[in-house]
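Right, one structure below, let's go through it.
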Amino acid sequence: MGELSSPRDRDRVGVVVPYDFALDREMWRWVPEPVTLNVTRTPFVATPADAAQARLISDPAMVRQAARDVLTPGPAVVAYSCTSGSFVGGVAGEAALRDAVLAAGAPAAVTTAGSLVAACAELGVTRLAVATPYVDDLTGLLADFLAGSGVDTVARHGLGLLGHIWTTTPEQVAAAVRAADHPDAQAVFVSCTNLPTYDAIAVLERELGKPVLTANQVTMWAALRAAGHSAVGPGQTLVDSPSVPPLLRVVDTAAPGRTEPGPAVLDPAVLATAAEPGPAPLLKVRVGLPDESGALARLTAAVAEVGGNILSLSVHGRDAGTVVDEMLVGGGVTADRLSRVIRRRLRGSGPDTVQVTPADPHELVDGPTRALDLVAAARGRDGLFDGLAALLHADEVGTGPVAAGTHVLELTAPAGPPVLAARDWAPFTVTERARGEAFLRAGAATPPPRSTVLLPGGAELAAEPASGEETAELDVLLRTCLAGAPAVDWTAADLAGLLAPVAGPALLLRTAAGDLVGVAALLGTDTGVPEPVVVLHPCLRGAGVGRWLRGRLGSGVAA
Numbered sequence: 001m002g003e004l005s006s007p008r009d010r011d012r013v014g015v016v017v018p019y020d021f022a023l024d025r026e027m028w029r030w031v032p033e034p035v036t037l038n039v040t041r042t043p044f045v046a047t048p049a050d051a052a053q054a055r056l057i058s059d060p061a062m063v064r065q066a067a068r069d070v071l072t073p074g075p076a077v078v079a080y081s082c083t084s085g086s087f088v089g090g091v092a093g094e095a096a097l098r099d100a101v102l103a104a105g106a107p108a109a110v111t112t113a114g115s116l117v118a119a120c121a122e123l124g125v126t127r128l129a130v131a132t133p134y135v136d137d138l139t140g141l142l143a144d145f146l147a148g149s150g151v152d153t154v155a156r157h158g159l160g161l162l163g164h165i166w167t168t169t170p171e172q173v174a175a176a177v178r179a180a181d182h183p184d185a186q187a188v189f190v191s192c193t194n195l196p197t198y199d200a201i202a203v204l205e206r207e208l209g210k211p212v213l214t215a216n217q218v219t220m221w222a223a224l225r226a227a228g229h230s231a232v233g234p235g236q237t238l239v240d241s242p243s244v245p246p247l248l249r250v251v252d253t254a255a256p257g258r259t260e261p262g263p264a265v266l267d268p269a270v271l272a273t274a275a276e277p278g279p280a281p282l283l284k285v286r287v288g289l290p291d292e293s294g295a296l297a298r299l300t301a302a303v304a305e306v307g308g309n310i311l312s313l314s315v316h317g318r319d320a321g322t323v324v325d326e327m328l329v330g331g332g333v334t335a336d337r338l339s340r341v342i343r344r345r346l347r348g349s350g351p352d353t354v355q356v357t358p359a360d361p362h363e364l365v366d367g368p369t370r371a372l373d374l375v376a377a378a379r380g381r382d383g384l385f386d387g388l389a390a391l392l393h394a395d396e397v398g399t400g401p402v403a404a405g406t407h408v409l410e411l412t413a414p415a416g417p418p419v420l421a422a423r424d425w426a427p428f429t430v431t432e433r434a435r436g437e438a439f440l441r442a443g444a445a446t447p448p449p450r451s452t453v454l455l456p457g458g459a460e461l462a463a464e465p466a467s468g469e470e471t472a473e474l475d476v477l478l479r480t481c482l483a484g485a486p487a488v489d490w491t492a493a494d495l496a497g498l499l500a501p502v503a504g505p506a507l508l509l510r511t512a513a514g515d516l517v518g519v520a521a522l523l524g525t526d527t528g529v530p531e532p533v534v535v536l537h538p539c540l541r542g543a544g545v546g547r548w549l550r551g552r553l554g555s556g557v558a559a
């Protein structure tokens, strides 16, 4: 047909389905505005739904004619939408069907089985569990096709149906998926375009913690992508794209007790939801990554894919081969959506691989301001516990038992029993553990004891233990005290020894302005009895300060 005649051609998808296809409305649910499906059927054949039927309805000549019949509206792509018909002939048979559609004049061609293989490649899936409505031999042919396409079938479950597959309920489909799932499977595939699956996919993915692919889903995903569009399916790993509104949301109007569905109607909530976007959330993302080149790039690409903005990022070691990346992400993306896309990019489905939770906007406050806020909190009535709760965004901090079902972080305290932090909204991370224990250490560090003395003129002096870092100040004081005396040399080690003798730290005497004006220390002697030594600034001599300072040496600096 050559080049497409107008942009509107991109909004049409041709679909060839078997004569017994009964779920037209289900197929439409993946279609975004303004795409139209132009559907045609293959001729009727009187045979059970087995491998023989699959071969009849996938005859390349028949499919070529059906594809030609649907070309008049000018679709951008034609999809052969039948799972068994596209896998029954193996990999070569699937390719022959695409060739038949292209030979009819279609600009592009996809099949259900080929779309499944493409979806597995997109998600990085090489191990699949399959749930089918088929008898065992037909289910086995699906496994053979997948093996030929590089995908292992690690588990399978078939319903053994030979007809009226479209009457299977979503509940029966969900039960089949659960029966088929296996710990080694990276995803589960539901075969047959005549099974209702749209409403079950998101629920099953949350339950199983892995992608659930279905026949109509992968077909619409591949066909729409070939036409330059994205399929829609909230909560579905493969196609979830909340920024693209669905053309139709189906509301089941069946009366209680009816087995046949009522007419499809447009759900007004679709328009309401689209018209009332909520505020962009702030999310905290914690991801366990292998410590290897490219891992962080895959993570940031996943955030970019859903339109998220990384507002802060920190990387922390967890063990020998893993790091934890912690990000704050803003933008119009939900936690579920972001979690699914990151899992897909990183090919991880474990519960601890990705954690996305609402974040406190206060976490964006700059570091110095945040530190001052925490100091203020730690000085409140409950001291350290209030500060620790603010630091960790914890619901409760203490040393006693916490409520069942909450996430608990046990922190080692410098003294006393462990401190427990608890919250409902998210597990704690290794980063938060490090912050919490550092906070406890800082809080437990008591200020040095201090004592003061008033001079006759009203000036106040304060004595406190030396830290050992005051050698430069001590050098100045000694030179002032010895001014005019014969020159005496001393080393930095001599000064350090005076500040921190064996008997305990020296006492430093300072003015209100912080100037060092005296030092007292108990220095060792040959007799083993420490001898008090006091050095005072000349301006303090005769004021009784030396005697007072010497008295402080015997009992620390307690007043």
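Taking full-length UniProt numbering, I'd label the letters of the sequence shown as residues 1 to 559.
For glycine and all other residues, C-beta sits at the position ideal for the given N, C-alpha and C.
In the DSSP assignment, what residue or residues form a beta bridge with residue i?
| i | result |
| --- | --- |
| serine 314 | Glu326 |
| aspartate 152 | Arg127 |
| arginine 12 | Thr36 |
| arginine 541 | In DSSP, arginine 541 forms no bridge with anything. |
| valine 408 | Ala422 |
| serine 451 | Ala463 |
| glutamine 355 | Arg286 |
| arginine 510 | Ala462, Leu516 |
| phenylalanine 189 | Val130, Leu213 |
| tyrosine 80 | Val16, Thr111 |
| valine 533 | Ala521 |
| glutamate 396 | Ala422 |
| asparagine 309 | Gly330 |
| histidine 157 | Ala131 |
If you check the beta carbons only, do residue i and residue j fall under 9 angstroms apart?
| i | j | result |
| --- | --- | --- |
| residue 560 | valine 190 | Residue 560 falls outside the range modelled here, since the chain spans only 1 to 559, and no answer is possible. |
| glycine 308 | leucine 289 | no |
| proline 530 | proline 501 | yes |
| leucine 411 | proline 401 | no |
| alanine 100 | alanine 131 | no |
| aspartate 24 | valine 39 | yes |
| aspartate 360 | histidine 407 | no |
| alanine 79 | glycine 14 | yes |
| leucine 142 | arginine 127 | no |
| valine 77 | alanine 109 | yes |
| arginine 423 | glutamate 396 | yes |
| alanine 52 | valine 16 | no |
| tyrosine 134 | glutamate 26 | no |
| arginine 298 | arginine 345 | yes |
| glycine 546 | valine 534 | yes |
| valine 152 | leucine 146 | What sits at residue 152 in the sequence shown is aspartate, not valine. Going by C-beta atoms, aspartate 152 is nearer than 9 angstroms to leucine 146. |
| alanine 227 | proline 75 | yes |
| alanine 174 | valine 154 | no |
| alanine 521 | leucine 540 | no |
Compare the C-alpha of residue i against each of the options and name the closest.
| i | options | result |
| --- | --- | --- |
| aspartate 11 | Val535, Arg225, Pro501 | Arg225 |
| alanine 129 | Arg337, Gln65, Lys210, Tyr80 | Lys210 |
| aspartate 494 | Arg510, Glu470, Gly484 | Glu470 |
| serine 230 | Ala520, Val45, Val476, Val31 | Val31 |
| alanine 463 | Arg552, Val533, Asp489 | Arg552 |
| threonine 431 | Glu171, Val303, Leu409 | Leu409 |
| glutamate 326 | Thr357, Arg286, Arg343 | Arg286 |
| glutamate 292 | Thr36, Pro281, Val315 | Val315 |
| valine 356 | Leu540, Leu498, Val397, Thr429 | Thr429 |
| alanine 506 | Cys539, Thr525, Leu540, Arg550 | Arg550 |
| glutamate 473 | Gly504, Gly528, Leu536 | Leu536 |
| alanine 22 | Ala106, Gly150, Cys192, Asp9 | Cys192 |
| serine 339 | Glu305, Val45, Leu313 | Glu305 |
| cysteine 481 | Ala92, Pro538, Gly524, Gln172 | Pro538 |
| aspartate 515 | Gln217, Asp475, Thr527, Ala543 | Asp475 |
| glutamine 217 | Val534, Val232, Arg64, Gly228 | Val232 |
| threonine 47 | Pro18, Pro34, Pro75, Leu37 | Pro18 |
| threonine 491 | Arg479, Gly93, Ala483 | Arg479 |
Pop quiz: residue i and residue j are said to be a contact at Cβ under 8 angstroms. What is the actual Cβ separation, rounded to whole angstroms?
| i | j | result |
| --- | --- | --- |
| valine 519 | threonine 511 | Between threonine 511 and valine 519 the Cβ distance is about 14 angstroms, and since that is not below 8 angstroms, they are no contact. |
| valine 88 | alanine 54 | 4 angstroms |
| threonine 112 | threonine 83 | 5 angstroms |
| leucine 364 | leucine 328 | 7 angstroms |
| serine 58 | glycine 90 | Wrong, their Cβ atoms sit about 11 angstroms apart, outside the cutoff. |
| threonine 168 | leucine 195 | 6 angstroms |
| glutamine 172 | valine 125 | Between valine 125 and glutamine 172 the Cβ distance is about 24 angstroms, and since that is not below 8 angstroms, they are no contact. |
| glycine 458 | alanine 496 | No, glycine 458 and alanine 496 are not in contact; Cβ-Cβ is about 35 angstroms, not under 8 angstroms. |
| leucine 455 | proline 414 | About 38 angstroms; that fails the 8 angstroms criterion. |
Touch check for the stretch 111-123 and the stretch 161-168: three-plus C-beta pairs under 8 angstroms? no
- Query: Do three or more CB pairs link the stretch 201-215 to the stretch 61-71 at distances below 8 angstroms?
  - Reply: no
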